[in-house]
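Novice: This is the structure I want to talk about, given as structure tokens.
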């Protein structure tokens, strides 16, 4: 619904402006012809005003509430919530410190750029990414610091039905804390064009489960290797399950 029937105002009192509703958008404010913003018409204002509604497109929902940015949705979410992203391209440029499921309904058109040097970038008990294309931002595969890394609070990290490409290393674990081992689940994902390793395990790992993935190494290993490498496991006592995966290229 739109509110268009305010035809006059008094100059000796403030007039609160209504909040219109438009499907698929979040109301931001009213603006005049010079793009000055209004939430009300202040006392002592005079003259004719032509105001139009300014809208922001909905890009994410959490528990039925709409948000105009991925960061706003994350800020508004609580532990155990699901952030549902609308098709588009977003930046993971902050640390995830809440147990969340981050997903989309359509994988093909939704990209989450993993920003360089924001690590540890996954630091909550249980974090799950679903149906996303995860892409290293900037130089990506050729730049160090583009990867997922566990924080001290992470227990389980899951990737399901994701496309992963242009990452320097997909997951690189820390070495500083061995008292909080992590479970990694990678299920039905596609890998292509990554710089060094899919997994660089330095310790702090309980188990690694990789199942039903397509792993293309022919366009990987750009940094130090002639061919791509799947695992680099250093000083880690963990269980590894590698089942029903298709690997293309030389190991």
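Residue numbers (the numbering used here): 4 to 254. Even for Gly, the Cβ is constructed at its ideal location relative to N, Cα and C.
Around the Cβ of residue 19, are there at least 16 other Cβ atoms within 10 angstroms (buried) or fewer (exposed)?
Specialist: On the chain shown, residue 19 is found 16 positions in, with the first residue counted as 1. Label assigned to residue 19: exposed.
Novice: Considering only residues of the same chain and omitting the five flanking positions on each side of residue 249, which have a CB-CB separation below 8 Å?
Specialist: Counted from its first residue, the chain shown places residue 249 at position 246. Same-chain partners within the cutoff: 216, 217, 218.
Novice: Can you pull the DSSP bridge partners for residue 235?
Specialist: Taking the first residue of the chain shown as 1, we reach residue 235 at position 232. Bridge partners of residue 235: 203.
Novice: In angstroms with no decimal places, state the Cα-to-Cα distance between residue 139 and residue 246.
Specialist: The count along the chain shown starts at 1 and reaches residue 139 at position 136. The count along the chain shown starts at 1 and reaches residue 246 at position 243. Their Cα atoms are separated by approximately 26 Å.
Novice: Compute the beta-carbon to beta-carbon distance between residue 107 and residue 135, rounded to the nearest angstrom, for a pair I have assumed lies under 8 Å.
Specialist: The count along the chain shown starts at 1 and reaches residue 107 at position 104. The count along the chain shown starts at 1 and reaches residue 135 at position 132. Rounded, the Cβ-Cβ distance is 6 Å, consistent with contact.
Novice: Among 167, 209, 187, 211, which one has its Cα closest to the Cα of residue 220?
Specialist: What you label residue 220 is simply residue 217 of the chain shown in a count that begins at 1. Ranking the options by Cα distance to residue 220, first place goes to 167.
Novice: Under a Cβ-count criterion, where at least 16 other Cβ atoms within 10 Å of its own Cβ denotes burial, should residue 228 be classed as buried or exposed?
Specialist: Counted from its first residue, the chain shown places residue 228 at position 225. Because the pLDDT of residue 228 is 49, which lies under 50, any placement of that residue in the model is unreliable, and the number read from its coordinates should be weighed accordingly. Flag for residue 228 reads exposed.
Novice: By the three-class DSSP mapping on this structure, what secondary structure does residue 1 have?
Specialist: Because the chain spans 4 through 254 in this model, residue 1 falls outside it and cannot be assessed.
Novice: Can you check DSSP and say which residues form a bridge with residue 195?
Specialist: Position 192 of the chain shown holds residue 195. Answer by DSSP bridge pairing, in chain order: 168.
Novice: Pull up the CB-CB distance for residue 255 and residue 130, whole angstroms please, since I reckon it's below 8 Å.
Specialist: Because the chain in this structure spans residues 4 to 254, residue 255 falls outside the shown range and cannot be described.
Novice: Compare the Cα-Cα distances from residue 85 to each of 76, 32, 36, 38 and report the closest residue.
Specialist: For this step, residue 85 is matched to residue 82 along the chain shown. Residue 85 has its Cα closest to that of 76, out of 76, 32, 36, 38.
Novice: I'd like the span of the beta strand (DSSP E) that includes residue 69, first residue to last.
Specialist: As a working note, residue 69 is residue 66 in the chain shown. Residue 69 -> beta strand (DSSP E) spans 68-70.
Novice: Taking only three categories from DSSP, how would you classify residue 76?
Specialist: By 1-based counting over the chain shown, the position of residue 76 is 73. Helix at residue 76.
Novice: Is the CB-CB distance between residue 160 and residue 187 below 7 Å?
Specialist: Residue numbering aside, residue 160 sits at position 157 when the chain shown is read from its first letter. Residue numbering aside, residue 187 sits at position 184 when the chain shown is read from its first letter. Against a cut-off of 7 Å, the Cβ pair of residue 187 and residue 160 comes out as a contact.
Novice: I'd like the span of the beta strand (DSSP E) that includes residue 213, first residue to last.
Specialist: What you label residue 213 is simply residue 210 of the chain shown in a count that begins at 1. That run of the beta strand (DSSP E) goes 208-214.
Novice: If you count every other CB in all the chains shown that lies within 10 Å of the CB of residue 182, and 16 or more means buried, which is it?
Specialist: Residue mapping note: residue 182 aligns to position 179 of the chain shown, counting from 1. Per the 10 Å Cβ criterion, exposed.
Novice: With residue 205 and residue 177 assumed to form a contact (beta carbons below 8 Å), what rounded beta-carbon distance in angstroms separates them?
Specialist: For the purposes of this step, residue 205 is identified with residue 202 of the chain shown, where counting begins at 1. For the purposes of this step, residue 177 is identified with residue 174 of the chain shown, where counting begins at 1. Indeed they touch by this definition, with Cβ atoms about 7 Å apart.
Novice: Going by beta carbon distance, what residues of the same chain come within less than 7 Å of residue 32, once the five residues before and after it are set aside?
Specialist: Residue numbering aside, residue 32 sits at position 29 when the chain shown is read from its first letter. So the qualifying residues of the chain are 40, 41, 42, 57.
Novice: State the Cα-Cα distance for the pair residue 27 and residue 223, rounded to the nearest angstrom.
Specialist: Residue numbering aside, residue 27 sits at position 24 when the chain shown is read from its first letter. Residue numbering aside, residue 223 sits at position 220 when the chain shown is read from its first letter. The alpha-carbon atoms of residue 27 and residue 223 are separated by roughly 39 Å.
Novice: I need the straight-line Cα distance from residue 172 to residue 195, nearest angstrom please.
Specialist: Taking the chain shown and counting its residues from 1, the one referred to as residue 172 is at position 169. Taking the chain shown and counting its residues from 1, the one referred to as residue 195 is at position 192. Looking at the two C-alpha atoms, the distance is approximately 11 Å.
Novice: If we call anything under 7 Å between Cβ atoms a contact, is residue 116 one with residue 82?
Specialist: Reading the chain shown from its first residue, position 113 is the one you call residue 116. Reading the chain shown from its first residue, position 79 is the one you call residue 82. Not closer than 7 Å, so no.
Novice: Report the rounded CA-to-CA distance for residue 120 versus residue 97, giving the unit in angstroms.
Specialist: Against the chain shown, residue 120 aligns to sequence position 117. Against the chain shown, residue 97 aligns to sequence position 94. Rounded to whole angstroms, residue 120 to residue 97 spans 10 Å at the Cα level.
Novice: Contact check, residue 124 vs residue 151 under 8 Å by CB: the rounded distance?
Specialist: Numbered from its first residue, the chain shown carries residue 124 at position 121. Numbered from its first residue, the chain shown carries residue 151 at position 148. About 6 Å; that satisfies the 8 Å criterion.
Novice: How many angstroms separate the CA atom of residue 25 from the CA atom of residue 68?
Specialist: Position 22 of the chain shown, counted from the start, is the residue given in the question as residue 25. Position 65 of the chain shown, counted from the start, is the residue given in the question as residue 68. The straight-line gap from Cα to Cα measures roughly 14 Å.
Novice: Looking at residue 29: is its Cβ nearer than 7 Å to the Cβ of residue 71?
Specialist: What you label residue 29 is simply residue 26 of the chain shown in a count that begins at 1. What you label residue 71 is simply residue 68 of the chain shown in a count that begins at 1. Yes.
Novice: According to DSSP, is residue 43 part of a helix, a strand, or is it coil?
Specialist: To locate residue 43, count along the chain shown from 1; it is residue 40. Three-state result, residue 43: strand.
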